[in-house]
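Chains as they are written, first to last, in our numbering: chain U, 1 to 190; chain W, 1001 to 1190. Idealized CB from N, CA, C, for every residue including glycine. This one's a predicted model, so the numbers in the text were calculated from it and none came from an experiment.
There are 2 protein chains.
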Amino acid sequence: MLPNPKEEEKLDPRVKRTRGLILQSFETLLAEKGFETISVQDVTDKAQINRATFYAHFPDKYALLDYLIQKAFKTEIEKRTLNVCSYSPDNLRNLILAVMEFLVHLHGDCFQPHQQFESLIEGTIKKQIFDLLSYWLRKSKVPTEIPATVATWAIYGLATHYSHMKKRPALEKFVDEAYPLVAVNLEQFA
Amino acid sequence: MLPNPKEEEKLDPRVKRTRGLILQSFETLLAEKGFETISVQDVTDKAQINRATFYAHFPDKYALLDYLIQKAFKTEIEKRTLNVCSYSPDNLRNLILAVMEFLVHLHGDCFQPHQQFESLIEGTIKKQIFDLLSYWLRKSKVPTEIPATVATWAIYGLATHYSHMKKRPALEKFVDEAYPLVAVNLEQFA
DNA sequence: TAAATTAGTCGACATCTGTTGTTTATCCAA
DNA sequence: TTGGATAAACAACAGATGTCGACTAATTTA
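Here you go:
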């Protein structure tokens, strides 16, 4: 079901093809109509795939979105090499920037972001932020679950706030203002 | 559609009756099966109402849940008179406690809280927290949108974290540990 | 109290969902 | 290269959703 990274290569070509068609079709639809209004039928029609086949790959359209977002955000993090470092003010700043840019970009791409859509994204991204922060703070001797939780939510809240502003200030400017609010809670644990 | 508080009294008795039946039926169902598995049919069956009538009152079951939660949380806030005060460390502490208790209680009541359910709750509650914090900070001369946002998300994140812990420490104990992480960002604006 | 308004009932409709059983095609390993 | 395994197509199903128009019953108001 989930294309395990290790196995992604040696996958039955039929599976790889079908999955590709689904993803591609879905991404296209996402850009032209809102997520909520996309039906599984829509996806399989455009992908020229039988509807039943879809369900052999994803439980529903939410899982599909989740998969897509997860992959995209992970790529974003890796691009900035935030996954191979530990806590520093600068890395934290970059993480906040990454989330902000990601959400802005997402809103630019997707016609009519709506409730369902937003909260699914939120859950997916927050999980990754939390895992990353936990990883950064791992060497700390004190337990860091609570500060990592607070920071995760604060970061996502900030980013979502920013991405919803009608008139957005420059990324850098906004981060400078917002960054200390998050950092103050992590400094003592890092 | 939305029972405006002012008009709630002088409402057509048929409407009041029907709405009551829907709410009651829904609350019962919520307690005995998960939210996701409740269908509109279920609600109207138990309420002894025609299914079409339901849609004259609520757009869908999500709106119904939203209405219910909004009302419940508002009551919780008013019970603690948090709506008629302004920022103080103690009030903030109480707000955090209120959210935590609310979520714990909700999880206790509802069979199988699930994704959809949780994120709907989240959006509804966060909005109210944000409005409350904004109100508390209103007298401040500096703009408080960003700190209020960060605090809102941090509070909700904490509460949700707490309510999901397998072995929950005492409320008071947890709040003592978590409170400073939120307060530090608000102190300077209050 | 009669007339007008509005809520609720009923049956039906098109559409979507998730699932199942059968058949066809593609792939891979012996 | 052939035979077994497995993916995909196809058709059909029960159930849910949201909407509609016509009909009936309750309530309001003139």
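Asked, Found
"Nearest to VAL150/U (by Cα), restricted to the options VAL184/U, GLU32/U, LYS173/U, THR124/U", "VAL184/U"
"DSSP three-state assignment for ASN1185/W, whether helix, strand or coil", "coil"
"PHE102/U in three-state terms, based on DSSP", "helix"
"Same chain only: Cβ atoms within 6 Å of PHE1174/W, ignoring 5 sequence neighbours per side", "TYR1162"
"Residues of its chain near GLU27/U, where Cβ-Cβ distance is below 8 Å and the 5 sequence neighbours each way are ignored", "LEU68"
"Closest residue to ALA178/U among GLU1187/W, ALA1170/W, PRO1147/W, THR1160/W (Cα-Cα distance)", "PRO1147/W"
"Spatially closest choice to ALA98/U from ARG80/U, CYS85/U, ALA31/U, ARG138/U, by CA coordinates", "ARG80/U"
"Exposure label - TYR87/U; buried when at least 16 CB within 10 Å", "buried"
"8 Å contact criterion, which VAL43/U and ILE22/U should meet: CB distance rounded", "6 Å"
"CB contact flag (THR1152/W, LEU1133/W, <8 Å)", "yes"
"Separation of ILE1121/W from LYS1127/W, as counted between CA atoms", "10 Å"
"Status (buried if at least 16 other CB within 10 Å, exposed otherwise) for PHE1056/W", "Sequence check: residue 1056/W is Ala here, not Phe. When all chains shown are included, ALA1056/W counts as exposed."
"Bounding residues of the alpha helix (DSSP H) (the contiguous stretch that carries ASP42/U)", "40-47"
"beta-carbon VAL182/U near the ligand ADP non-hydrogen atom, thresh 7 Å", "This structure lacks the ligand ADP, and indeed carries no ligand of any kind."
"Proximity to VAL142/U [Cα-Cα], best of GLN24/U, GLU36/U, GLN188/U", "GLN188/U"
"Min CB distance GLY943/W to chain U below 8 Å", "Here chain W has residues from 1001 to 1190 only, and residue 943/W is not among them."
"VAL1104/W to PRO1180/W span [Cα, whole Å]", "21 Å"
"Pairwise C-alpha distance: MET100/U and ALA170/U", "11 Å"
"Min CB distance PRO1013/W to chain U below 8 Å", "no"
"Any C-beta of chain W under 8 Å from that of GLU101/U", "no"
"Coarse secondary structure for ALA31/U, derived from DSSP in three states", "helix"
"Short Cβ contact (8 Å threshold) for ASN94/U with LEU106/U", "no"
"From LEU1011/W, GLU1036/W, LEU1137/W, residue whose alpha carbon lies closest to that of HIS1114/W", "GLU1036/W"
"Where the alpha helix (DSSP H) through ASP1012/W begins and ends", "From DSSP, ASP1012/W is part of no alpha helix (DSSP H); its letter is neither H nor E."
"Continuous alpha helix (DSSP H) stretch holding LYS1071/W: start and end", "1061-1079"
"Expected contact under 8 Å - CB spacing of CYS1110/W and ALA1031/W to nearest Å", "7 Å"
"SER25/U to GLN116/U span [Cα, whole Å]", "20 Å"
"Classification of THR1144/W by the beta-carbon crowding that lies within 10 angstroms, buried from 16 upward", "buried"
"Residues that HIS161/U contacts on chain W, provided the C-beta gap is smaller than 8 Å", "GLU1145, ILE1146, THR1149"
"Chain-ordered neighbours of ASN185/U on chain W, where CB pairs are closer than 8 Å", "LEU1181, VAL1184"
"Residues within the region 112-123 of chain U neighbouring chain W, beta-carbon criterion of under 9 Å", "GLN115, GLN116, GLU118, SER119, LEU120, GLU122, GLY123"
"The region 1052-1076 of chain W: positions lying closer than 9 Å to chain U by Cβ", "TYR1062"
"Cβ pair ILE129/U, VAL182/U closer than 8 Å", "no"
"Which listed residue (THR1124/W, ALA1154/W, ASP1045/W, ILE1038/W) has its alpha carbon closest to that of ASP1066/W", "THR1124/W"
"Interface flag, ALA1178/W vs chain U, CB-CB below 8 Å", "yes"
"Beta-carbon proximity list for GLN41/U, same chain, < 8 Å, skipping 5 on both sides", "ARG51"
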